[in-house]
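Protein chains in written order, with my numbering: chain U, 30 to 275; chain W, 30 to 275.
Every residue gets a Cβ at the ideal spot worked out from N, C-alpha and C, and that includes glycine.
Laid out in structure tokens, this is it:
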């Protein structure tokens with residue numbers, strides 16, 4: 030970003046987790062005026078809103094876009110369908126290769142939600158056009174991801190291309206929309222180190238797919254990837270896990 | 030479509046209007062098992078659901094996906110923001126050229142909703158993956174459209190490309206998603222003639238952006254394009270318009 034871009038608005042997909050909190054701080058550090066957008070669906074409301082709001086207060090941001098999604102249409106995922114369990118201990122805690130990629134790479138898990146990032150990004154694009162924000166930030170992660178097709182670089186490039194054909198601002202040339210995914214090629218270890226380096230409030234973040242009594246379960250894919258990232262980075266994970274009772 | 034495709038499922042974007050009702054009949058006639066998906070937002074609920082349900086009953090379809098959209102995020106459009114009026118008499122009733130394109134082509138109107146078709150198609154893509162439907166049908170119309178960028182062929186092609194990168198079924202090769210827009214290059218006149226030819230129930234359709242006491246206003250872009258289409262086709266428009274009191 031050059032100096033002319035200072036104080037440009039950016040819409041940041043923000044769940045209150047490790048990745049999106051780090052991305053929010055990156056957008057701030059790059060001089061953007063970030064507007065977080067948070068999506069809620071099903072019964073995961075209260076805890077996540079609270080975590081997200083604490084982080085937004087930490088950064089002193091005034092605007093927060095909250096979108097309530099009707100995901101009743103999307104059955105067949107452990108994250109949207111009560112009848113399907115969130116997989117536990119699916120990912121090995123220790124890495125099985127040193128290629129930087131995890132062994133479970135090609136296995137798309139039960140937590141896959143059809144077209145989730147596409148729905149999220151579509152709303153974000155709408156918000157970006159309304160706010161006249163050229164930049165969209167997303168914490169998508171290709172290296173240590175959980176096998177989701179909509180976290181791959183070719184998908185994000187394709188969405189960006191479509192976004193500029195879809196919108197009045199894109200078509201008239203008023204705005205050239207850009208999808209920024211600064212964590213795309215980082216391991217979880219690198220994300221943790223990055224978060225510590227730039228002062229993202231890790232103690233306020235929340236990553237669990239399936240919290241128990243408000244505590245992270247410790248055994249879903251998201252918890253395991255997070256724990257492994259902190260361990261490999263040599264950083265203490267401030268998360269209170271239900272099972273480990275730390 | 031070849032014979033092997035008989036009884037394949039298709040998700041059809043369906044508002045209960047002239048275009049989407051014609052598209053629904055086209056999908057049926059092509060041998061698809063169509064599943065209509067209808068999006069509701071703001072206060073336009075009751076009337077539109079009723080119209081849509083009457084048409085679905087007419088066709089004897091059993092499944093209807095209804096998605097309630099949170100469009101509070103999308104301000105700045107006459108269709109989502111109560112503070113902005115739906116433009117009246119913006120489009121001339123008579124065509125100003127015989128090129129097949131309308132004079133208002135490049136003027137994107139106040140009824141433009143940022144990223145609307147992208148949000149609609151994203152949900153539709155999710156539904157298609159859940160239902161294992163390869164085909165998506167949309168009544169987008171390029172010739173006599175109202176100036177929306179997300180009704181253009183290059184946009185739809187770009188969305189289709191993105192859709193196959195976004196999804197588990199697309200990436201694994203289980204499904205190749207296809208966006209069908211059979212009205213894309215037809216004028217409204219041609220759409221009316223097509224609807225009559227194939228027996229789409231025009232008397233049950235509803236096209237108005239801004240109904241008054243349940244009757245079509247007659248002066249919004251959607252009403253004017255519809256009226257002109259019927260006039261040019263030489264077909265009686267069964268719509269009850271508020272102003273003309275027919």
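{"Asked": "First through last residue of the beta strand (DSSP E) which encompasses residue 39 (chain W)", "Found": "38 to 42"}
{"Asked": "Burial state of residue 227 (chain W) (16 or more Cβ within 10 Å)", "Found": "exposed"}
{"Asked": "Amino acids of chain W, ordered along the chain, whose beta-carbon sits closer than 9 Å to that of residue 207 (chain U)", "Found": "Result: empty, since nearest Cβ-Cβ is about 15 Å, beyond 9 Å."}
{"Asked": "Cβ shell of residue 117 (chain W) (< 6 Å), same chain only, five flanking positions each side left out", "Found": "248"}
{"Asked": "Contact list for residue 155 (chain U) against chain W, beta-carbon separation under 9 Å", "Found": "100, 102, 103, 142, 143, 144, 145, 147, 148"}
{"Asked": "Per-residue DSSP class, three states only, for residue 68 (chain W)", "Found": "strand"}
{"Asked": "Beta carbon of residue 57 (chain U) nearer than 8 Å to that of residue 153 (chain U)", "Found": "no"}
{"Asked": "Straight-line Cα distance separating residue 233 (chain W) from residue 268 (chain W)", "Found": "9 Å"}
{"Asked": "Per-residue burial, residue 125 (chain U) [other beta carbons within 10 Å of its own, 16 or more giving buried]", "Found": "Unreliable placement is indicated for residue 125 (chain U), whose pLDDT of 49 sits below 50; no coordinate value is reported for it."}
{"Asked": "The stretch 147 to 164 of chain W / the stretch 205 to 215 of chain U touching (three or more Cβ pairs under 8 Å)", "Found": "no"}
{"Asked": "C-beta neighbour in chain U for residue 234 (chain W), strict 8 Å", "Found": "no"}
{"Asked": "Pairwise C-alpha distance: residue 81 (chain W) and residue 259 (chain W)", "Found": "21 Å"}
{"Asked": "Nearest candidate by alpha-carbon position, reference residue 179 (chain U), set W:172, W:192, W:91, W:205", "Found": "W:192"}
{"Asked": "Residue span of the alpha helix (DSSP H) that contains residue 253 (chain U), given as start and end", "Found": "250 to 262"}
{"Asked": "Proximity of residue 97 (chain W) and residue 99 (chain U) at Cβ, strictly below 8 Å", "Found": "yes"}
{"Asked": "Assigned exposure category for residue 44 (chain U) - 16 Cβ within 10 Å defines buried", "Found": "buried"}
{"Asked": "CB of residue 120 (chain W) within 8 Å of CB of residue 139 (chain W), strictly", "Found": "no"}
{"Asked": "DSSP state of residue 87 (chain U) mapped onto helix, strand, coil", "Found": "helix"}
{"Asked": "Beta-carbon proximity of residue 3 (chain U) to residue 155 (chain W), cut-off 8 Å", "Found": "There is simply no residue 3 (chain U) to check, as chain U begins at 30 and stops at 275 in what is shown."}
{"Asked": "Test: residue 137 (chain U) CB closer than 8 Å to a CB of chain W", "Found": "yes"}
{"Asked": "Below-8 Å beta-carbon distance, residue 194 (chain W) vs any chain U residue", "Found": "yes"}
{"Asked": "Identified DSSP bridge partners for residue 63 (chain U)", "Found": "U:39"}
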